[in-house]
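K.L.:
In the numbering used here, the protein residues as written are 1 to 337.
Structure provided below as structure tokens; questions to follow.
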């Protein structure tokens, strides 16, 4: 150490860096998680949408059966983008040579009557439709189900929104906010009645969940159950000033290093007063938008990496290891590019 003047000094400093976390697309692999693709309302019967996903392109379509399906976008004949094709019954027809593919992605007919080649197929992503969204799972089969709320779907009303702006981070970076207890307290002004939930978090290979009671920003009483499913879905079951609502913030992955945000709020509609329920849904959506809005400018500029941690970061540190251990694959690689 060398002094540079009275009361001042300079020293050589180095930055501590923790063990890295794989980025989406590293070594050609992606988290095996559920990712939202579009709003259900964007996909009426007979509609096909082309969307960027992972490091390539997919199509989502709805046939006469009413079921949404997600397939790789490029026809195996010569590579036409099937999003400019059309739906025929429950099949998807290529605009170029009129080859047709069924809901599993198998070619069942060619435009000129030639027998479909045995290997003429598309990649079929496990697809679910829930909470007003169409979801695709990165894998041949889904490793876990989408979460549910503590009340039957028949009792729930919902409001769902998709945001056009894409954030320049992987979905898992956004999900790190949930076990980041310092962030919850410092940025959002939420206080806990109990100690940090480090020892009470419920961990599985594909999720983490914990409960807390406390006060929201303006002193409102809250009881929250929050967590992450996979690496792309924030879950919250909330009692806010005595009234329950559920909230999801799932993040799409249009490209490595990008996240598309969706938001879902649900509330019980047991009293039959739709106007009152809708008013409460809007209140809950506005509340969550305010919280998310506090995160957005940080997520637009962050250079995220594990660094120096403190005792308040026990849950965050454990989540970093969860991410390092999380299953990653890319079975659709040869199809979607």
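No residue lacks a Cβ here, since even glycine has one placed at the ideal position from N, Cα and C.
Quick caveat: nothing in here was measured; it's all calculated off a predicted structure.
Quick one: Cα of residue 229 to Cα of residue 235, how far?
P.N.:
Roughly 7 angstroms between the two C-alpha positions.
K.L.:
Determine, using beta carbons only, whether residue 58 and residue 38 come nearer to each other than 8 angstroms.
P.N.:
Taking 8 angstroms as the Cβ cut-off, residue 58 and residue 38 do not qualify as a contacting pair.
K.L.:
Would you mind giving the Cβ-Cβ distance between residue 31 and residue 138, rounded to the nearest angstrom? I have them listed as a contact below 8 angstroms.
P.N.:
Right, the Cβ-Cβ distance comes to about 7 angstroms (below 8 angstroms), so this counts as a contact.
K.L.:
So, helix, strand or coil for residue 252, using DSSP?
P.N.:
It is a strand residue.
K.L.:
Rounded to whole angstroms, what's the CA-CA distance from residue 216 to residue 189? Just pull it up for me.
P.N.:
Approximately 7 angstroms, taken between the alpha carbons.
K.L.:
Which residue from 203, 53, 126 puts its Cα closest to that of residue 341?
P.N.:
Residue 341 lies beyond the stretch modelled for the chain, which goes from 1 to 337, so this question has no answer here.
K.L.:
Could you compute how far the alpha carbon of residue 3 sits from the alpha carbon of residue 15?
P.N.:
Legend: pLDDT at residue 3 = 48, less than 50; position of this residue unreliable, no value from coordinates given.
K.L.:
Just how far apart, CA to CA, sit residue 25 and residue 177?
P.N.:
In a straight line, the C-alpha of residue 25 is about 21 angstroms away from that of residue 177.
K.L.:
Have a look at 281, 233, 232 and flag the residue whose alpha-carbon is nearest the alpha-carbon of residue 244.
P.N.:
Cα-wise, what sits closest to residue 244 is 281.
K.L.:
Does the Cβ-Cβ distance between residue 122 and residue 71 come in under 8 angstroms?
P.N.:
Yes. Within cutoff.
K.L.:
Is the segment 209-226 touching the segment 185-199, taking contact as three or more C-beta pairs under 8 angstroms?
P.N.:
They touch, by the three-pair rule.
K.L.:
Mapping the DSSP letters down to three states, classify residue 176 as helix, strand or coil.
P.N.:
In this structure, residue 176 counts as coil in the three-state DSSP scheme.
K.L.:
Could you give the uninterrupted runs of the beta strand (DSSP E) lying entirely in the segment 127-177, keeping only those of 3 residues or more?
P.N.:
Those beta strand (DSSP E) runs which fall completely within the segment 127-177 and span 3+ residues are 127-130, 133-137, 156-167.
K.L.:
Excluding sequence positions up to five away, which residues of its chain have a Cβ less than 6 angstroms from the Cβ of residue 238?
P.N.:
Around residue 238: 224, 245.
K.L.:
Taking only three categories from DSSP, how would you classify residue 215?
P.N.:
Three-state DSSP puts residue 215 in a strand.
K.L.:
Could you tell me whether the Cβ of residue 98 comes closer than 8 angstroms to any Cβ of chain B?
P.N.:
Absent from the structure: chain B. Only one protein chain is present.
K.L.:
Name, in chain order, the residues that DSSP records as bridge partners for residue 88.
P.N.:
In the DSSP output, where bridge partners are listed per residue, residue 88 has 91.
K.L.:
Spatial neighbours of residue 333 within its chain, please: CB distance less than 7 angstroms, with the 5 preceding and 5 following residues excluded, ordered by chain position.
P.N.:
Taken in chain order, the residues that qualify are 28.
K.L.:
Which residue's Cα is closest to the Cα of residue 297: 325, 103, 166, 311?
P.N.:
If we check each option's Cα against that of residue 297, 166 comes out closest.
K.L.:
Are residue 34 and residue 253 closer than 8 angstroms when you measure CB to CB?
P.N.:
No. Outside cutoff.
K.L.:
Would a C-beta distance cut-off of 8 angstroms place residue 250 and residue 208 closer than the cut-off?
P.N.:
No.
K.L.:
Quick one: what does DSSP say residue 21 is sitting in, helix, strand or coil?
P.N.:
In this structure, residue 21 counts as coil in the three-state DSSP scheme.
K.L.:
Around the Cβ of residue 200, are there at least 16 other Cβ atoms within 10 angstroms (buried) or fewer (exposed)?
P.N.:
So residue 200 ends up on the exposed side.
K.L.:
From the DSSP output, in three-state form, read off residue 204 for me.
P.N.:
It is a strand residue.
K.L.:
Tell me the rounded alpha-carbon separation between residue 197 and residue 211.
P.N.:
Rounded to the nearest angstrom, the two C-alpha atoms are 8 angstroms apart.
K.L.:
For residue 76, collect the residues of the same chain with a Cβ closer than 6 angstroms to its Cβ; drop the 5 residues on either side in sequence, then sort them by chain order.
P.N.:
If we look at residue 76 and ignore the five residues flanking it on each side, its Cβ neighbours are 120.
K.L.:
So is residue 91 buried or exposed if we call it buried at 16+ other beta carbons inside 10 Å?
P.N.:
That one is buried.
K.L.:
Measure from the alpha carbon of residue 269 to the alpha carbon of each residue in 262, 263, 277, then state which is nearest.
P.N.:
Ranking 262, 263, 277 by Cα distance to residue 269 puts 277 first.
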